[in-house]
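> Residue numbers for the sequence shown follow the UniProt record's numbering, beginning at 1 and rising by one.
Ideal Cβ placement from N, Cα and C applies to all residues, glycine included.
First the structure, which I've put down as structure tokens, then a few questions once you've had a look.
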Amino acid sequence: MSFTYYVPTTPDPRASSLSHTAKRVVDLLFFFNPECIPGSLLAPPAAVVENQSYNFLRDKEELDQAIAELIERSIVRINDNGNLVLSVSNPFTEIEDDQVNSAFSHAVRIFDRALPDLSRPGLDSFKASQAVLPHIVRTIEVTKNIEIRARRKTEWVELVLRAGWYAQENQQPDLTTYFIDYIMTEIQVPMVGARMTHDFLSRTYTLQGHSLLDLARPRAALTSFKGVLQIEEDRYGPNSMAVGKVCDLIAYAYTEIGDADQASVFLRRADAIYADKAPYLDTEGADKSLT
1 MSFTYYVPTT PDPRASSLSH TAKRVVDLLF FFNPECIPGS LLAPPAAVVE NQSYNFLRDK
61 EELDQAIAEL IERSIVRIND NGNLVLSVSN PFTEIEDDQV NSAFSHAVRI FDRALPDLSR
121 PGLDSFKASQ AVLPHIVRTI EVTKNIEIRA RRKTEWVELV LRAGWYAQEN QQPDLTTYFI
181 DYIMTEIQVP MVGARMTHDF LSRTYTLQGH SLLDLARPRA ALTSFKGVLQ IEEDRYGPNS
241 MAVGKVCDLI AYAYTEIGDA DQASVFLRRA DAIYADKAPY LDTEGADKSL T
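Next up, the structure:
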């Protein structure tokens, strides 16, 4: 039987002799930010359960009983805001690989459901994303020390990319860069059955470019946008609308660098594409057919 080792210490005695459900809750909490775990996040509505060991996600009473047990053992406590705090950083020295991946899988699904859709921005979405992002950061740190099955990596890095876009929208460029750096590291790792798609790479490089512009690094942003350009040219052709949009981004990066000549080259290319593909749209997206 194989194991994943978390820490080279002996197990915390408080974590011994826990009920089956309480043990699974601790496994799951290991992927949450231990300083602030909202109960509503731990038990989302209509939870998708893949392993019957996590049926408690559908049963509030069973979950509450398990949490009460953990509080009694001083493994978790409730802070002044009513959130759970994990007071034992590593309750178990070792845990079976299958259980690690099961806990990881359910944590990812919880975060995925809790992170709002990017198409519906607003104050509520901002608050919801701010509540989830710290847990995604925590999970990133955990995954650096455990081996996650390849079939889960695509789902996971897609979630991290969404988190990156939210960090960007929330004007947190350093956090955005943190997410992107992790994604790019994962892309370099051989991933059987979970190869990155061109679409994913294009979205990642685009986010990277926007983040670098916010960090006043237009030359680095230009490199990212040119990477997007190559991908979109290969996918849709050199005169596609997708390429036109990237040319606009490249022109903006050149403008920030101070290279007006190159900026004009890419602006003209973008305008030519828009004129050919969408003659009723100007470069700002306005409908000319009504004027």
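When the distance is taken between beta carbons, is D112 closer than 7 Å to L63?
No, the Cβ-Cβ distance between L63 and D112 is not below 7 Å.
> Which one or two residues does DSSP pair with V76 in a beta bridge?
Note: V76 sits in a beta bridge opposite L86.
> Contact defined as beta carbons within less than 8 Å: I believe C247 pairs with A221. What is the distance between those atoms, to the nearest angstrom?
Contact flag wrong, Cβ pair sits at about 14 Å.
> Measure the C-alpha to C-alpha separation of D259 and Q99 and round it to an integer number of angstroms.
Answer to the nearest angstrom: the Cα atoms are 55 Å apart.
> Taking 7 Å as the cut-off, decide whether the C-beta atoms of N33 and P134 are in contact.
Yes, the Cβ-Cβ distance between N33 and P134 is below 7 Å.
> Give every residue of the same chain whose Cβ lies closer than 6 Å to the Cβ of L42, excluding the five residues on either side of it in the sequence, and list them in chain order.
There are no such residues.
> Do A22 and A66 have their beta-carbon atoms positioned less than 7 Å apart in this structure?
Yes.
> So, under 8 Å CB-CB, T255 and S211 are touching, yes? Tell me the CB distance rounded to an integer number of Å.
Not a contact, Cβ separation roughly 18 Å.
> Which runs of the alpha helix (DSSP H) fall wholly inside the region 182 to 231 and span at least 4 residues, in chain order?
Runs of the alpha helix (DSSP H) inside the region 182 to 231: 198 to 214.
> Quick one: using the 10 Å Cβ neighbour count with 16 as the cut-off for buried, is V49 buried or exposed?
Exposed: under 16 other Cβ atoms inside 10 Å.
> Is it buried or exposed for Y166, if we count other Cβ within 10 angstroms and need 16 for buried?
So Y166 counts as buried.
> Give me the DSSP bridge partner(s) of I37.
BP columns for I37 point to L84.
> Report the rounded CA-to-CA distance for A275 versus R152, giving the unit in angstroms.
Roughly 43 Å between the two C-alpha positions.
> Measuring only the C-alpha atoms, how far is E69 from V137?
Approximately 27 Å, taken between the alpha carbons.
> Considering D252, what are the terminal residues of the alpha helix (DSSP H) in which it resides?
One point to set straight first is that residue 252 is Tyr, not Asp, in the sequence displayed. Counting along the chain, the alpha helix (DSSP H) containing Y252 begins and ends at M241 to I257.
> Using beta-carbon positions only, say whether G227 and I273 come within less than 7 Å of one another.
In this structure, I273 does not lie closer than 7 Å to G227 by Cβ.
> Out of curiosity, what's the CA-to-CA distance linking T206 and R58?
Whole-angstrom Cα-Cα distance: 38 Å.
> Would you kindly report the start and end of the unbroken alpha helix (DSSP H) that includes F31?
Per DSSP, F31 belongs to no alpha helix (DSSP H) and is neither H nor E.
> By Cβ distance below 8 Å, which residues in the same chain neighbour A114 in space, the five residues on each side in sequence not counted?
These residues qualify, in order along the chain: L41, P44, A128, A131 and V132.
> Can you list, in chain order, the residues of its chain whose CB lies under 6 Å from that of A163, leaving out five sequence neighbours each side?
L133, I136 and F179.
> Taking buried to mean at least 16 other C-beta atoms within 10 Å of its own C-beta, is S17 buried or exposed?
S17 comes out exposed.
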